[in-house]
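For reference, the structure is listed below as structure tokens.
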Amino acid sequence: MGSGGSRSDDYPYSFITKFHWRWNSRDMGFRRERIRRMKRLDDCLTQVVKKFVPRYICGAVWGVFYADECWYGACGTTSRDSQLPMNRKTWFDLASLTKVIGTLPVILMATKRKLLSLDDTLSKFIPHLSGEIGSVTPRQLLSHTAGLPADFGPIEREDFLDANQLWDRISHLSPVRSSSPIAIYSDVGYFLLGILIETIAKDSFGHIVQHEISEPLGIPLLEHVDPFQESVAATRYCPVRQRIVRGEPQNLVSWIWKRACGHAGLFGTVDSVLNYGRWWLTRLNDPLFAETIHPVVPGRGLGWMLAGCDQLPLVEWPVDTFGHTGFTGTSLIIMPKKRIVGVLLTNRTHPFPNNPWIRQLRIAFYQTLLDYP
Numbered sequence: 002m003g004s005g006g007s008r009s010d011d012y013p014y015s016f017i018t019k020f021h022w023r024w025n026s027r028d029m030g031f032r033r034e035r036i037r038r039m040k041r042l043d044d045c046l047t048q049v050v051k052k053f054v055p056r057y058i059c060g061a062v063w064g065v066f067y068a069d070e071c072w073y074g075a076c077g078t079t080s081r082d083s084q085l086p087m088n089r090k091t092w093f094d095l096a097s098l099t100k101v102i103g104t105l106p107v108i109l110m111a112t113k114r115k116l117l118s119l120d121d122t123l124s125k126f127i128p129h130l131s132g133e134i135g136s137v138t139p140r141q142l143l144s145h146t147a148g149l150p151a152d153f154g155p156i157e158r159e160d161f162l163d164a165n166q167l168w169d170r171i172s173h174l175s176p177v178r179s180s181s182p183i184a185i186y187s188d189v190g191y192f193l194l195g196i197l198i199e200t201i202a203k204d205s206f207g208h209i210v211q212h213e214i215s216e217p218l219g220i221p222l223l224e225h226v227d228p229f230q231e232s233v234a235a236t237r238y239c240p241v242r243q244r245i246v247r248g249e250p251q252n253l254v255s256w257i258w259k260r261a262c263g264h265a266g267l268f269g270t271v272d273s274v275l276n277y278g279r280w281w282l283t284r285l286n287d288p289l290f291a292e293t294i295h296p297v298v299p300g301r302g303l304g305w306m307l308a309g310c311d312q313l314p315l316v317e318w319p320v321d322t323f324g325h326t327g328f329t330g331t332s333l334i335i336m337p338k339k340r341i342v343g344v345l346l347t348n349r350t351h352p353f354p355n356n357p358w359i360r361q362l363r364i365a366f367y368q369t370l371l372d373y374p
């Protein structure tokens with residue numbers, strides 16, 4: 002078994018059906034063979050990660066659901082100035098995984114409860130969003146086809162924007178219109194989805210995610226983590242805050258907003274992300290959830306990156322593959338037909354964000370997982 006690898010026999014999550022049967026020698030033989038295969042896979046993944054960690058990337062934690070077993074591994078440290086090792090309980094700033102772990106499922110649940118339609122306009126719920134931006138729909142925002150800009154513009158000083166100025170800037174945006182859908186990956190769009198969720202539920206986005214996702218599924222998700230009490234992966238040096246960021250969102254908009262937003266700001270562990278991915282394997286028989294992995298434009302569904310998306314770390318995925326990545330070095334990949342879920346969490350932006358090695362690590366990690374017999 003690779004360094005840090007560990008098997009999980011625990012199934013504490015409410016969405017996993019428990020089966021009980023009397024073990025016989027044949028059952029035990031199958032299980033022993035599965036465990037041997039997982040140990041070999043763990044060795045392969047550990048070797049791959051150690052080519053990059055800690056030389057190019059400070060630390061990494063990974064989890065795999067494969068052959069009906071969960072396996073975990075870790076290497077490296079939580080920061081360059083610390084000897085604290087990464088482990089299964091290390092908290093990570095999930096960055097854009099917030100979009101698919103928080104925003105997407107809450108929007109789908111609201112749709113199933115008929116609190117909104119994916120084709121409603123934003124102005125129906127947020128009247129002061131008038132003009133062109135008020136005419137965009139949740140469906141367009143989920144698929145990044147609303148024509149909104151990628152981000153919020155440069156934020157160079159702490160006094161550059163406060164929450165009111167930020168909202169004023171967003172409310173005066175004019176979407177780019179085209180005759181056919183074009184995907185422009187947009188943090189702004191998911192920020193607006195977070196505002197839509199808060200408006201409908203009359204609560205903060207973080208509290209809603211706790212109530213609708215974290216608590217029912219038994220997966221830990223937080224808006225901030227005390228770095229003195231918990232193992233937390235450090236992220237970048239922030240020139241606005243003039244410090245290394247630990248336990249608070251790296252994303253400046255979430256930090257200015259002082260809470261998790263629809264596009265970023267949630268924290269989780271490898272268990273959080275892996276078991277969320279496993280939950281999706283159980284949800285794809287629901288037509289609304291299944292719709293999210295049908296292409297709206299090439300490589301993009303509703304929320305999810307699909308096979309062929311240039312932001313996924315491989316070119317030749319199984320056609321049913323979907324997943325997402327996060328700027329801080331996080332990623333989640335789900336392969337339904339193979340019943341494989343892969344999670345790789347790193348702090349690749351620590352201490353500086355321009356680290357090109359994350360793409361090579363992701364390619365090597367997920368290619369090893371995909372190619373394993």
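Numbering-wise (this note's numbering), the sequence shown opens with residue 2 and increments by one. Yeah, the Cβ is synthetic: ideal placement off N, Cα and C, and Gly gets one too. Note that the structure is a prediction, hence the values are computed from the model and not measured.
Residue i, buried or exposed, once every other Cβ within 10 Å from all chains shown has been counted against 16
i	result
residue 289	exposed
residue 147	buried
residue 295	exposed
residue 183	exposed
residue 363	buried
residue 100	buried
residue 53	buried
residue 237	buried
residue 319	exposed
residue 225	buried
Residue(s) in a DSSP beta bridge with residue i
i	result
residue 305	DSSP lists no partner for residue 305.
residue 320	BP columns for residue 320 are empty, so no partner.
residue 346	62, 331
residue 233	92
Backbone secondary structure at residue i - three-state DSSP
i	result
residue 332	strand
residue 244	strand
residue 238	strand
residue 294	coil
residue 362	helix
residue 287	coil
residue 126	coil
residue 43	helix
residue 341	strand
residue 326	strand
residue 192	helix
residue 55	coil
residue 106	helix
residue 139	helix
residue 177	coil
Start and end residues, beta strand (DSSP E) containing residue i
i	result
residue 62	60-67
residue 70	70-77
Inter-residue Cα distance where the pair is residue i and residue j
i	j	result
residue 150	residue 171	10 Å
residue 24	residue 40	Residue placement at residue 24 is flagged as unreliable, the pLDDT there being 40, under the threshold of 50; the coordinate-derived value follows with that caveat. Rounded to whole angstroms, residue 24 to residue 40 spans 22 Å at the Cα level.
residue 165	residue 242	19 Å
residue 257	residue 124	24 Å
residue 127	residue 269	30 Å
residue 356	residue 64	22 Å
residue 231	residue 136	43 Å
residue 35	residue 374	12 Å
residue 222	residue 144	24 Å
residue 264	residue 339	29 Å
Boundaries (first-last residue) of the alpha helix (DSSP H) holding residue i
i	result
residue 271	271-284
residue 172	164-172
residue 1	One cannot answer for residue 1 here, as it falls past the ends of the chain, which runs 2 to 374.
residue 132	132-135
residue 257	253-258
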